[in-house]
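Encoded as structure tokens, the structure appears first; notes follow it.
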């Protein structure tokens, strides 16, 4: 099994993700420059946090025009595992791989702190090592993490159990306390909190590791 | 040909930036300012010789597919009047 971490101009958690994959899974991991057009050989792709294209226009809006995003879309359409963390989540919504949008935090503050997430579904390759209701201690670091979707979209998300994580205490105004969602096919996860910043006890929590371990577990089940 | 594209949040979407500005100007004494909604303004110039039909089509496409996130925003286009 091989992980890939995409680097956009302005990504700044690429090395965090690379390191977190190494320490939490021991699996091979490689960087993928955003000009790449193929993801052949990868089993899982991470869109890391940061400020791709300086957050110009809208967060994530310009990253979706990077050549690699065509490959990411094909990869996801074929069932490949894609996880977007923070800015990566914003990019996935702008690219149409996940529904909804991430807006300015309702208190206008950039919030950087540890908080608690509640696991809402274990039926995904990202959460199969968790139990429903399990509380994870994972930090956020964002100014635009206020999840929004219209009523029809929200109903669909809830009816299909696509909400992966909710904030125990809502920090940013996210609708339905949403911290992370999966797509309908359940192979694409977007989340604002950073499992990459909480994959070893040295950093204050190793709960994020469970998400990466779940991904390895999912592929092991598929024989890889 | 020149066009201006104005992108605003949908009326149903909360605008924390607009609210913050509105509250701040209260302290300037501008108490009559009851609502501020923040938006974006893009000036777009088209190359000489672009046909009006083509120009309209591509400015609309630019506004709809790139400059606006349809989940939370809407847009309007203003064309510069020929002198």
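Residue numbers (this note's numbering), protein chains in the order written: chain A, 2 to 225; chain B, 9 to 91.
Glycine residues also receive a C-beta, built at the ideal position from the N, C-alpha and C atoms.
This one's a predicted model, so the numbers in the text were calculated from it and none came from an experiment.
Residue pairing by DSSP puts residue 191 of chain A in a beta bridge opposite A:85 and A:182.
Residue contact with chain B for residue 59 of chain A: present (Cβ-Cβ distance below 7 Å to some residue of chain B). Comparing C-alpha distances from residue 86 of chain B to each of B:27, B:67 and B:77 shows the shortest one belongs to B:67.
By the beta-carbon neighbour count (other beta carbons within 10 angstroms, threshold 16), residue 120 of chain A is buried.
The alpha helix (DSSP H) runs of length 4 or more contained entirely in the segment 43-119 of chain A are, from start to end of the chain, 69-78 and 88-95. Residue 56 of chain B is classed as exposed because its beta carbon has fewer than 16 other beta carbons within 10 Å across all chains shown.
Shown here, residue 74 of chain B sits in a helix according to DSSP, grouped into three states. For residue 31 of chain B, there is no enclosing beta strand (DSSP E); the enclosing alpha helix (DSSP H) has its first and last residue at 24-34.
The beta carbon of residue 180 of chain A does not come within 7 Å of any beta carbon belonging to chain B, so the residue lies off that interface. Rounded to the nearest angstrom, the Cβ distance from residue 193 of chain A to residue 141 of chain A is 6 Å, consistent with a contact under 8 Å. Under the 7 Å criterion on CB atoms, residue 102 of chain A is classed as interfacial with respect to chain B. Only exposed fits residue 39 of chain B, as fewer than 16 other CB atoms lie within 10 angstroms of its CB. Here DSSP, grouped into helix, strand and coil, assigns residue 35 of chain A to coil. At a cut-off of 7 Å between C-beta atoms, residue 80 of chain B counts as an interface residue with respect to chain A.
Here the C-alpha atom of residue 36 of chain B lies approximately 10 Å from the C-alpha atom of residue 30 of chain B.
According to the DSSP assignment, residue 153 of chain A belongs to the alpha helix (DSSP H) that extends over 152-160. Among the CB atoms of chain A, none fall inside 7 Å of the CB of residue 19 of chain B. Identification of chain A residues near residue 24 of chain B by a Cβ-Cβ cut-off of 9 Å yields 104, 105, 106, 107, 108, 109, 147 and 174, ordered along the chain. Using a Cβ-Cβ cut-off of 7 Å, residue 28 of chain B counts as an interface residue toward chain A, since at least one Cβ of chain A sits closer than that to its own. In terms of Cβ geometry, residue 65 of chain A and residue 96 of chain A form a close pair [threshold 7 Å].
Relative to residue 167 of chain A, the option among A:173, A:161, A:177 and A:158 whose CA is nearest is A:177. Within chain B, 77 have C-beta atoms less than 9 Å from the C-beta of residue 95 of chain A, given in sequence order. When rounded, the separation of the alpha-carbon atoms in residue 4 of chain A and residue 54 of chain A is 23 Å.
Just so you know, the alpha carbons of residue 6 of chain A and residue 85 of chain A end up roughly 10 Å apart. Contact between the segment 71-84 of chain A and the segment 21-31 of chain A is absent: fewer than three C-beta pairs spanning the two stretches fall below 8 Å. Residue 131 of chain A carries a coil assignment under DSSP once its states are collapsed to helix, strand and coil. DSSP, reduced to helix, strand and coil, places residue 138 of chain A within a strand of the structure shown.
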